[in-house]
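Here's the structure, in structure tokens; my notes come after.
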Amino acid sequence: MDIVFDVFIYHPEYIDRISAEEHIFYSELRKFTEQRLSPLRDEIDKIENENADKEEISYIMIYIIAEHNTFMEYHNYPKELRKKMKDSFTQDDLTYIENKIGQLLAKMNN
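Numbers 1261 to 1370, taken from our numbering, label the letters of the sequence shown in order.
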């Protein structure tokens, strides 16, 4: 399951400068996402493997710094699987993640 964070795509130099606390945040968010999507793991892996054979990358992008209408997008997965992936998160999950991202951004801006 390929999960990437926009902050490391748009600012790769940031990878070498993250604090221990930020590293823990990103690790926990990755684990939380993997946990919620675990019932779909085989289906996700199958698509990722098929797409890799076609030199097309499937990945989950978590938005930390980009202004976006959602905090997570599923790139190059079939529409039906994207819906299942999205439905794997409850509103409480989304609120929790948004709050955690807000806390991280507040610390980054201080």
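Positions of the beta carbon are idealized from the N, C-alpha and C atoms, including for glycine.
Everything numeric in this text was worked out from a predicted model, so none of it was measured.
For Glu1316 and Ile1269, the gap between their C-alpha atoms comes out near 17 Å. Inclusion of Glu1308 and Met1261 in the CB contact set at 9 Å is warranted, their separation being smaller than that value. Taking the CA atoms as reference points, Phe1285 sits about 12 Å from Phe1265. With respect to the 9 Å criterion, Phe1331 and Ile1304 are not classified as neighbours on the basis of their beta carbons.
The Cβ-Cβ distance between Ile1320 and Glu1333 falls below 9 Å.
Scanning its chain for C-beta atoms nearer than 6 Å, with the 5 sequence neighbours on each side dropped, one finds around Asn1336 the residues Asn1311, Glu1316 and Ser1318, in chain order. Counted as a single uninterrupted DSSP element, the alpha helix (DSSP H) harbouring Tyr1270 occupies residues Asp1266 to Tyr1270.
Sixteen is the threshold: when 16 or more other Cβ atoms of the shown chains lie within 10 Å of the Cβ of Thr1293, as they do, the residue is buried. Given a length threshold of 4 residues, each whole run of the alpha helix (DSSP H) inside the stretch 1291-1366 is given here in chain order: 1301-1313 and 1339-1347. Assignment of Ile1278 by DSSP, reduced to helix, strand and coil, places it in the coil class.
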